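Numbered by this note's numbering, the letters in the sequence shown go through residues 353 to 702 in order.
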Amino acid sequence: MSVQVCIAPSGTVSAFTQHSPAGRSDALNTAPSQSFLRLPHPRTGIPCLFLLADPSAPSTSKKSASPLLEVQSIAPDASRSWFFGNNTIVQDGKLLVLTPIDPAFLLISFFMSIATAPGTATQFRPLEDILEDATTNINASIEEQSQQGTITTVTPQPLVLDEVLRFARSDYVKLAAQRICEFKEISEDLIVFRLCRNKLRDHLRTKVARISDTPIYDSFQTLARGLAKDGLGEEAEGLMKDLRQSARVRGACDVLAQYLPPDVAGELVASFDFNALEAHHQALRDEESTTVSAKIAKENTAPKEAMADTGKKAKGGKNATPSQGVKKLSKVNVQGMSKLNTFFTKKDKV
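Below, the structure is given as structure tokens:
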């Protein structure tokens with residue numbers, strides 16, 4: 353039996369231990385197979401692995417942790433193993449990282465895949481029906497891209513309808529759909545949905561506001577270094593302080609763009625005013641370009657001047673500086689001494 357080492361939120365450990373022999377929490381493979389779902393990645397649309405830790409969990413609170421986890425594999429370049437206590441060795445050196453993800457990101461991919469189908473964009477439909485049609489379109493798109501060779505990675509496996517429907521029936525997923533869709537409660541057991549671009553934009557802008565909040569944003573060292581690089585560090589004041597906030601919002605949009613289709617990410621950025629920030633970035637680029645041009649011009653001019661000075665020195669020009677030996681010889685009294693060229697002239701025959 354193979355064993356995988358993983359990092360997961362503490363609240364999801366029960367999804368493994370409740371199905372594992374003797375309550376073992378180190379065996380990821382002992383979790384029920386139906387919990388793992390292959391769903392389209394929100395940005396690329398390529399099927400990836402996710403774990404629905406508790407599909408039937410009640411989700412009345414918007415602050416409850418998402419039971420949907422993205423499964424990412426970190427593989428070493430060379431062969432590695434894990435060593436644990438009691439002389440236990442795990443041969444597979446990969447590390448699986450399970451991180452919570454908002455199901456709304458995945459729902460966007462499903463809704464966008466049927467947006468171009470005639471007559472379906474404006475209809476209220478049950479979530480299961482929407483995702484069923486979307487699965488057909490996504491699988492067809494994957495097959496077409498594979499035949500055209502536009503997928504550079506390993507050919508992905510198609511979506512499995514049964515897994516997609518299990519995802520659609522989750523209470524938490526239905527609550528996520530209500531945040532980005534218009535919906536109607538036809539009966540206690542039937543809710544129909546229709547994607548609403550305005551609600552989707554507002555939902556994403558709420559996430560941008562949360563990420564761009566100073567304590568959260570500054571906790572990402574890469575993002576904080578980007579602000580300092582653009583001259584928008586913590587010491588920024590006045591207008592620069594306003595630009596710093598705008599830069600945090602732009603950075604938050606870039607973070608969310610990693611989990612959004614390109615067109616949706618573009619609409620999110622367009623909903624903000626980044627004109628002043630773009631002007632600041634353009635000024636930095638112009639200043640850098642001027643500095644680089646001046647440096648190149650100086651480097652090209654220096655060798656020519658050095659060659660000119662060398663030529664003057666070789667020819668004994670006015671600017672040539674005499675050596676110490678020449679200075680000393682000029683002070684020697686040569687009166688009565690024969691000139692050097694007299695030793696190289698022909699002597700007259702006697």
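Backbone N, C-alpha and C define an ideal beta-carbon position, used for all residues, glycine too.
These numbers come from a predicted model, not from an experiment.
By DSSP's criteria, residue 451 is part of a beta bridge. Which residues make up the other side? Taking the first residue of the sequence shown as 1, we reach residue 451 at position 99. Bridge partners of residue 451: 422.
Compare the C-alpha of residue 537 against each of 476, 623, 547 and 520 and name the closest. Reading the sequence shown from its first residue, position 185 is the one you call residue 537. Closest in alpha carbon position to residue 537, among 476, 623, 547 and 520, is 476.
CB contact flag (residue 466, residue 616, <9 Å): For this step, residue 466 is matched to residue 114 along the sequence shown. For this step, residue 616 is matched to residue 264 along the sequence shown. Cβ distance not < 9 Å, so residue 466 and residue 616 don't count as in contact.
Given residue 560 as reference, the closest of 489, 547, 533 and 610 once Cα atoms are compared: Taking the sequence shown and counting its residues from 1, the one referred to as residue 560 is at position 208. Checking every option, the nearest Cα to that of residue 560 belongs to 610.
Using a Cβ-Cβ cut-off of 8 Å (strictly less than) and excluding sequence neighbours within five positions of residue 629, which residues of its own chain qualify? Along the sequence shown, read from residue 1 onward, the residue named residue 629 stands at position 277. Excluding residues within five positions, the ones whose Cβ falls inside 8 Å are 595, 598, 599 and 602.
Determine the extent of the beta strand (DSSP E) in which residue 540 is found, giving its start and end residues. Indexing the sequence shown from 1 puts residue 540 at position 188. Here residue 540 belongs to no beta strand (DSSP E), and DSSP marks it neither H nor E.
Based on the DSSP secondary-structure assignment, which residues constitute the bridge partners of residue 404? In the sequence shown, counting from the first residue as 1, residue 404 sits at position 52. In DSSP, residue 404 forms a bridge with 420.
For residue 403, which of 393, 394, 387 and 417 has the nearest alpha-carbon? Here residue 403 corresponds to residue number 51 of the sequence shown, with the count starting at 1. Measuring from the Cα of residue 403, the nearest candidate turns out to be 387.
For residue 548, three-class secondary structure by DSSP: Sequence index remark: in the sequence shown, residue 548 carries index 196 (1-based). Correct three-state label for residue 548: coil.
Bridge partners for residue 358 per DSSP, in chain order? Along the sequence shown, read from residue 1 onward, the residue named residue 358 stands at position 6. According to the DSSP secondary-structure assignment, residue 358 is paired through a beta bridge with 448.
Per DSSP, cross-strand counterpart(s) of residue 553: Within the sequence shown, the letter at position 201 stands for residue 553. DSSP output for residue 553 lists no bridge partner at all.
Using a 10 Å radius around the Cβ and a threshold of 16 neighbouring Cβ atoms, would you call residue 689 buried or exposed? In the sequence shown, the residue the question calls residue 689 occupies position 337. Within a 10 Å sphere around the beta-carbon of residue 689 sit fewer than 16 other beta-carbons, which makes this residue exposed.
What are the boundary residues of the beta strand (DSSP E) that residue 442 is part of? On the sequence shown, residue 442 is found 90 positions in, with the first residue counted as 1. 440 to 442 is the extent of the beta strand (DSSP E) around residue 442.
Among 614, 418 and 432, which has the Cα closest to the Cα of residue 441? Taking the sequence shown and counting its residues from 1, the one referred to as residue 441 is at position 89. Of 614, 418 and 432, the residue nearest in Cα terms is 432.
On a CA-only basis, which of 637, 417 and 692 is nearest residue 524? Give me that one, please. Walking along the sequence shown from the start, residue 524 turns up at place 172. It is 417.
Quickly, what does DSSP pair residue 535 with across the bridge? List them, please. To locate residue 535, count along the sequence shown from 1; it is residue 183. The partner list for residue 535 (beta bridge, DSSP) reads 545.
Spell out the partners DSSP gives residue 435 in its beta bridges. What you label residue 435 is simply residue 83 of the sequence shown in a count that begins at 1. Note: residue 435 sits in a beta bridge opposite 441.
Simplified DSSP assignment, three categories, for residue 596: Residue mapping note: residue 596 aligns to position 244 of the sequence shown, counting from 1. It is helical.
Specify the secondary structure class of residue 511 as computed by DSSP and reduced to three states. In the sequence shown, the residue the question calls residue 511 occupies position 159. Assignment of residue 511 by DSSP, reduced to helix, strand and coil, places it in the coil class.
Return helix, strand or coil for residue 378, following the three-state DSSP convention. By one-based count along the sequence shown, residue 378 stands at place 26. Note that residue 378 has pLDDT 45, beneath the 50 cutoff, so the model's placement of it is unreliable and the number below is only indicative. DSSP places residue 378 in coil when its eight states are reduced to three.
If you count every other CB in all the chains shown that lies within 10 Å of the CB of residue 674, and 16 or more means buried, which is it? Here the question's residue 674 lines up with position 322 in the sequence shown. With fewer than 16 Cβ atoms within 10 Å of its Cβ, residue 674 is classed as exposed.
Does the Cβ-Cβ distance between residue 520 and residue 421 come in under 9 Å? Numbered from 1 along the sequence shown, position 168 holds the residue referred to as residue 520. Numbered from 1 along the sequence shown, position 69 holds the residue referred to as residue 421. Contact flag unset, no.
Any idea if residue 620 is buried or exposed, counting beta-carbon neighbours within 10 angstroms, 16 or more meaning buried? Within the sequence shown, the letter at position 268 stands for residue 620. Per the 10 Å Cβ criterion, buried.
Where residue 389 sits in the DSSP three-state scheme: Against the sequence shown, residue 389 aligns to sequence position 37. Looking at residue 389 - three-state DSSP - the assignment turns out to be strand.
Option in 647, 437, 635 and 613 with minimal Cα separation from residue 583: By one-based count along the sequence shown, residue 583 stands at place 231. Nearest option by C-alpha distance: 635.
Please name the residue, chosen from 356, 357, 455 and 581, that lies closest to residue 405 on a Cα-to-Cα basis. By 1-based counting over the sequence shown, the position of residue 405 is 53. Closest option to residue 405, Cα to Cα, is 455.
Can you give the beta carbon distance from residue 533 to residue 546, rounded, assuming they're within the 8 Å contact cut? As a position in the sequence shown, residue 533 is number 181, starting the count at 1. As a position in the sequence shown, residue 546 is number 194, starting the count at 1. Contact between residue 533 and residue 546 holds: CB atoms are separated by about 6 Å, below the 8 Å threshold.
Can you tell me which residues form a DSSP beta bridge with residue 477? As a position in the sequence shown, residue 477 is number 125, starting the count at 1. Answer is 545.
Residues that DSSP places opposite residue 399 in a beta bridge: Position 47 of the sequence shown, counted from the first residue, corresponds to residue 399. Paired residues: 392.
Does DSSP classify residue 471 as helix, strand or coil? Here residue 471 corresponds to residue number 119 of the sequence shown, with the count starting at 1. A caution first: residue 471 carries a pLDDT of 49, below 50, which makes its placement in the model too unreliable to give a value.
Collapsed DSSP secondary structure at residue 648 in the structure displayed: Your numbering for residue 648 matches position 296 in the sequence shown. If DSSP states are grouped into helix, strand and coil, residue 648 belongs with the helices.
Closest by CA to residue 457, which one among 614, 647, 362 and 676? What you label residue 457 is simply residue 105 of the sequence shown in a count that begins at 1. Looking at the Cα atoms, 614 is the closest of the given residues.
Candidates 606, 443, 541 and 448: closest to residue 434 by CA position: Position 82 of the sequence shown holds residue 434. When only C-alpha atoms are compared, the closest one is 443.
Out of curiosity, what's the CA-to-CA distance linking residue 463 and residue 646? As a working note, residue 463 is residue 111 in the sequence shown. As a working note, residue 646 is residue 294 in the sequence shown. When rounded, the separation of the alpha-carbon atoms in residue 463 and residue 646 is 52 Å.
If you follow the alpha helix (DSSP H) that residue 577 is part of, which residue opens it and which one closes it? Within the sequence shown, numbered from 1, the residue matching residue 577 stands at position 225. Taken as a continuous stretch (DSSP letters only), the alpha helix (DSSP H) holding residue 577 covers 573 to 581.
Rounded to whole angstroms, what's the CA-CA distance from residue 543 to residue 592? Just pull it up for me. Position 191 of the sequence shown holds residue 543. Position 240 of the sequence shown holds residue 592. If I take the Cα positions, the gap works out to 48 Å.
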